[in-house]
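Written out below as structure tokens is the structure these notes cover.
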Amino acid sequence: MGEFGRTPKLGYVTSNAGAAANGRDHWPYCYSVQFAGAGLTPGLIYGSSDKEAAYPSRDAVTPEDIAATIYTLLGLPPDAELHDTLGRPHRVLLGKPIEPLLM
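Okay, so the sequence shown: first residue is 2 according to this note's numbering, each after it adds one.
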């Protein structure tokens, strides 16, 4: 998984990250991820983008959902919390596991 997708069109600059006007810049709206390993449904393709690869058209997920899926596979319960030095609870899983990926 990369931290960003790339702009669907050349020359579309969206940040000050140094992208050239003839290249591709960061694009957080649509990206791809590959999962592999135990506990995953083999050969599954989940979700899709629009015809320009600009936005999800089906089964959009968030980075929090991706993290929740990984944590679930590691055995972390969905209601897991960590407490800071003042004893305040903070939820570990802010997203929801991508259920079709899980066997």
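Just so you know, even glycine gets a beta-carbon here, dropped at the ideal spot from N, CA and C.
Please read all numbers here as calculations on a predicted model, not as lab measurements.
Asked: Backbone CA spacing between Glu82 and Ile99 [nearest angstrom]; Found: 20 Å
Asked: Exposed unless 16 or more other CB atoms sit within 10 angstroms - verdict on Thr63; Found: exposed
Asked: Thr8, buried or exposed, once every other Cβ within 10 Å from all chains shown has been counted against 16; Found: buried
Asked: Distance between beta carbons of Tyr72 and Leu94, contact taken as under 8 Å; Found: 6 Å
Asked: Alpha-carbon spacing of Leu45 relative to Leu87, whole angstroms; Found: 43 Å
Asked: Beta strand (DSSP E) segment containing Pro90, residue limits; Found: 90-92
Asked: Outcome for Asp80 when other beta-carbon atoms lying within 10 angstroms are tallied against a minimum of 16; Found: exposed
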